[in-house]
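Novice: Protein chains in written order, with the numbering used here: chain R, 1 to 670; chain U, 671 to 1046.
Every residue gets a Cβ at the ideal spot worked out from N, C-alpha and C, and that includes glycine.
1. Using a Cβ cut-off of 7 Å, pull out every chain R residue sitting near residue 927 of chain U, in sequence order please.
2. Between which residues of its own chain and residue 798 of chain U is the CB-CB distance below 7 Å, once the five residues before and five after are set aside?
3. DSSP has residue 968 of chain U in a bridge; who is on the other side?
4. Whose C-alpha, out of R:637, R:195 and R:80, is nearest the C-alpha of residue 420 of chain R?
5. For residue 291 of chain R, does the three-state DSSP call read helix, strand or coil?
6. In angstroms, rounded to a whole number, what distance separates the CA positions of residue 427 of chain R and residue 698 of chain U?
7. What residues from the segment 582-599 of chain R come within 7 Å of chain U, judged by C-beta to C-beta, listed N to C?
8. Report the start-end ranges of each beta strand (DSSP E) in the segment 416-486 of chain R that is 3 residues or longer and not cut off at the edges.
9. Would a C-beta distance cut-off of 9 Å place residue 149 of chain R and residue 465 of chain R closer than the cut-off?
10. Taking all protein chains shown into account, do 16 or more other C-beta atoms lie within 10 angstroms of the C-beta of residue 1033 of chain U, making it buried, or fewer, making it exposed?
11. Roughly how many whole angstroms lie between the Cα atoms of residue 1017 of chain U and residue 779 of chain U?
12. Count the C-beta pairs between the segment 726-741 of chain U and the segment 767-786 of chain U that are closer than 8 Å, then say yes if the count reaches three, no if not.
13. Count the other C-beta atoms from every protein chain shown that fall within 10 angstroms of the C-beta of residue 398 of chain R, then say buried if there are 16 or more, exposed otherwise.
14. Any residues in the segment 266-291 of chain R with a beta carbon nearer than 7 Å to a beta carbon of chain U? Which ones, in chain order?
15. Taking the C-alpha atoms as reference points, what is the distance between residue 1020 of chain U and residue 112 of chain R?
16. At the level of alpha carbons, what is the spacing between residue 655 of chain R and residue 753 of chain U?
17. Could you check what DSSP says for residue 312 of chain R in three-state terms: helix, strand or coil?
18. Quick check on DSSP: helix, strand or coil for residue 808 of chain U?
19. Under three-state DSSP, which class holds residue 859 of chain U?
20. Which stretch, first to last residue, makes up the alpha helix (DSSP H) that contains residue 938 of chain U?
21. Three-state secondary structure (DSSP) at residue 50 of chain R?
22. Does any C-beta atom of chain U lie closer than 9 Å to the C-beta of residue 173 of chain R?
23. Does the pairing of the segment 395-409 of chain R with the segment 112-127 of chain R give three or more beta-carbon distances under 8 Å?
24. When DSSP builds the beta bridges, which residues end up paired with residue 329 of chain R?
25. Which of helix, strand or coil does DSSP assign to residue 354 of chain R?
26. If we define contact as Cβ-Cβ less than 9 Å, is residue 545 of chain R a contact residue for chain U?
27. Mapping DSSP to helix, strand and coil, what is residue 625 of chain R?
28. Residues in its own chain within less than 6 Å of residue 660 of chain R by CB, not counting five upstream and five downstream?
29. Closest Cβ-Cβ distance between residue 40 of chain R and chain U: below 9 Å?
30. Where in the segment 763-793 of chain U do unbroken runs of the beta strand (DSSP E), each at least 3 residues long, occur, reported from the N-terminal end onward?
31. At least one CB of chain R closer than 9 Å to the CB of residue 886 of chain U: is that the case?
32. Considering just the uninterrupted stretch of the alpha helix (DSSP H) at residue 952 of chain U, what are its terminal residues?
33. Taking residue 203 of chain R as the reference, which of R:232, R:241, R:311 and R:268 has the closest Cα?
34. Using 8 Å as the cut-off, can you tell me whether the segment 910-925 of chain U makes contact with the segment 862-870 of chain U, which would need three or more C-beta pairs spanning the two stretches below that distance?
35. With a floor of 4 residues, list each alpha helix (DSSP H) that falls wholly inside the segment 847-912 of chain U, ordered by position along the chain.
36. Going by beta carbon distance, what residues of the same chain come within less than 7 Å of residue 586 of chain R, once the five residues before and after it are set aside?
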C-alpha cells in the first residue's frame, strides 16, 4: 500500500488522496526512524484491524440471521415471500412475508407523501424566510422531534391522534373517496394505515427537514445573487437557484426518511390495528408491518416462529438497503449532472455528495457549512418593487405562506407531544421518582421510581459508547487516511448496510447469538452490544465526515516538520476534527438511548437497582416506559409518563451539550 | 489542549454517573402502603414464608406479571436476602428462556406443548421432568363502550360468537335486544377488538365460545385469535385502550384492565343461557369445577364449560408456572420452593382478587401446594 502515489485519487471515493510523509530517506537518525516506522505500522495495523473487525462483525450478523431464517423457511409449507398467512408455529407451519411487506411499504409511502412536503416547506422556511437570528433556533426546535423516543410517539398516537382520526378520515373520504383506497367505512377512531402513516410522517419529518436544510444552505450565493440581480422575487430565486441545485440532495433525503419509516417498530405496533388478511382500504382500521409484526409476535414465538420473524427481519433489511442505495444513486447522478454542466471536477468533500451517506453528519452538524458565511444571505431587499407584476407578487406571497404553514404543521405535533408528556409526566416527576427504584412496589401501588432504569440506560449507553467510539474512530481513520481499494470499498459498503439495519434486527441478532447460542444471561451488557451495532455506523460516518474536512495543508505542514504519520493523525488531524466528532457522537448516543425494541429483547427485567451491567437483569428507561404504559393501573401509567419525560429530558440535554460544543468550537466565534 | 478539554468533559460525565450511583434508593418500604401480613415478617417461620437468599430469575406470561409483582413485594419484604426478577416477556419467550436455563422457572399461559416437553425435560437433567403448576387464575371480562346504557348488558354465548365473528354489526340488533329485554339500545355500529399477539386470553376466550356454542363459533380455541373480522390490538392494555376510545367498541381482556379503564363489563351467558356477572368470586366458583389432570407433580386444568350456575362465570383462564420437578440447582431450590409455596399459600392467593385476578379454589389450591412441596 505504501507504494501508492500520494496524489493518486481513488475513483471510488472511499480513500481520498491524502498527503503522506515523504520517504524514509528524508527522516532523521536511523534508530529513531525504525521505532517510528514500527509505531506507524502498528497504528496502521490497528486502523486496518478495526476495519476488518467491522467486516467480520457484519458478516457474522448476516450469516447468523440467514442460518436462523433458513431453518424456518425450510419448515414453511407456503411461499415465504408471497404468502399472507402467519402461523409459523402451527402444524403445518404456514407463513409468508407478503402481507407484512405490503403493509410496510404502504405505511411508509403514506408517511412520505404526508411528511416530505411538510419537511421541505419547513426547511425552506427556516433557510429562506425566517429571520436569520431565529433560523438556528427554529432548526433546533424541529430537530427536537428527532429526540423524542418512538415509544412516546406511540403513546401520543393512541391517546391523541387516533381519537381524532375519524374526523380526518371523513374529510379525506369526502375529497378523495371516489378512489377505492380512500373510501372510509366510518369506523370511529380508526387505527388505520393512514393513522400509522401520520405518526411515521411526524417521525421522519425532522430527518428530511434537517437534510434538506443543509442542502438548501449549500446553494452558491453567487447564483442567488444573480437571480436577484435579474429582478427575481424571492420565490423565483428559490425556484431558479435553490431548488435546482438542491434537487438530488432533497430526493436522497426523502428516500432516507422512507428507509427510516420502513424500520420503525414500537410506534406502529401501538397505533395500527393488526390484521391477518389483505387490506387495501387505507382509511379503515387494519394493517400490519414487518417491524410491528416482529415486536408483537416475538413474545409468544417458539423455535420456527422466531426463525420466521428473523426471516421477515432480513426482508425488511433488504428493503431498507435498497432504499439507501437508491438515495446514493440519485445523489451521485445529480452531482455528476451538475458538474457536467459546470465542467468543474467535484471536490472530494462536496457536501451534497456526502448527503446521502453522511446522513448523521449532515443531519446533526450544520455548523461547519452554515458558518462559512455566517452573516451573509442574499436578499431581494435592494430590488425595486416597480416592474414586479401583481401575479408574481401573489405567487411570491403564496409560497411564503405555504412555507410558513409547513413550518407550523411541523411544529404543532411537537408542541402536542411535549404538552402531553409534560402534562402527564409532571404528576410523578419528583425526587422520589428520580431517586427510588421499583423494588417492593407492586405495579398497582403508587410511589416507586425509575432510578434503576435511569441507571441502567446510562450504563448501557455508556458502555456502548466506550466500545463504539474507539472502534468507530479507528475505522474512520482507516477510511480517510489509509483506505484504498477493495477493502476500503467493502468497509464503506458495510457501513451503509449497518446504517440501514432496523434496530429490532440488531436486537434479534444479539438475542439469538449472545443469549440463545452462547448461553449468556440477559444483562445490561447484552443491551450495550445491541446498541453498539446501532451506534457504530453513526460514529464512523460522523468521524469520517469530520476527518475529511480537515484541510490537507495541515497534514502537509505536519509531515514537513518531520512528524510521523501516527503522530500527525493523533496530534493534528483528530484534534482538529474533534469538536465535530464529539457533536456527532453525542447525538449518536442520544439516538440509541431512546431505542426500545432491541433493549426490550436482551436486558431482562428487574425492579431493583443493579449496578452491574455484566451480571443479572438490569433496568432500562425505554423498557420501563413500555412496561409501565401497558399496565392496567393508573399509578403505573403515571410512572410511564414520568419516565417518558425523564428520557426526553436526558436526550435533550445531550443534544444541547452537543450543540454547545459545536457552537463553542465553531470557527469564527470571537 | 482540545484533547484535554474532551477528557475533562468525559471526567465530568463519569463523575455525574458516579454521583448518581451513590444516591439511589432500593428501599421503598417507608413510602408504600404495605399492608399484607407477610411484609412485616422478618423471620422465615412467621406467616409460613420460607426464605431463600439470592436472586430468583423468572420470565414469561405478561398476564400473571402483576400477581407476581405483588408477591415479589411480599416475599422480598419477608426475606431480606431475596430478589425476585420476573421478566414479563411473554409465554413463548419465557418457555424458551426456561429451556435455555436462563430462568429458574417460567410463567406461561399454556401448559407445555408436546413439542416443548422434551426440550424442557432435557433442561432439568437426564430422567427429570418439567412440570406445569397452575397458580394464577383470571377472569376474562367482555368490556364495551356503548353510550346511554347504564346497567350491565347481558350477552349470551351465541350473541358474543356472532358479534366476534362479525355477524352482528349494530348494538340494536335483535339478538342483543333479546338478551336485554327492556333496555333501550342505540343503533351504533359495533367495533370488535381482539388481541393481535398470541395470548392465553385469546385461547381461553375462544375456547369458551367454541365449547359453549360450537354452531356459531366453529373455530377451535387458538392462542392467535381465531374469530373472523374485528381489529387486532397489541396486549390487553391495547384492547382496553381501543375499546375506551371507540364509541360502539367491544373487546375482551383480563378483568383488571376493564376496572382500571372504568369500562363496564357484560354479564356473560353460560351453557344453560343464564347470565353471570364478571366477578372474581364467580370465576373462582367456575374454576373449582375444572377437571384436574395429574401426573406426578404435574397438574393441568380443563374447564367444564357444561357446568352452569348463575354464580359461576364461564369465561376464565389459568396461567401456569413451568418448573423442574427434580434436578433444580441446590442453591436456587430454597428460593424456587419458597417463592412458589408463598404464591400457593392463603395470604398470596387472598391478595389476587384485589390485583384483578381470581383466587385458586380450595380443592385445587391443596393440589398445587402438594405439587410445590414435592419439588427437589
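Specialist: The short version:
1. 632
2. 791, 994, 995, 996 and 997
3. U:965
4. R:637
5. helix
6. 19 Å
7. 582
8. none
9. no
10. exposed
11. 23 Å
12. yes
13. exposed
14. 269, 270, 273, 274, 275, 285 and 286
15. 54 Å
16. 37 Å
17. helix
18. strand
19. strand
20. No alpha helix (DSSP H) contains residue 938 of chain U, which is instead part of the beta strand (DSSP E) from 937-939.
21. helix
22. no
23. yes
24. For residue 329 of chain R, which the question treats as bridged, DSSP gives no partner whatsoever.
25. For residue 354 of chain R, the predicted structure reports a pLDDT of 40, less than 50, and the residue's modelled location is therefore unreliable. The matter cannot be settled from this model.
26. no
27. helix
28. none
29. no
30. 775-778
31. no
32. 950-957
33. R:268
34. yes
35. 870-882
36. 654, 657 and 658
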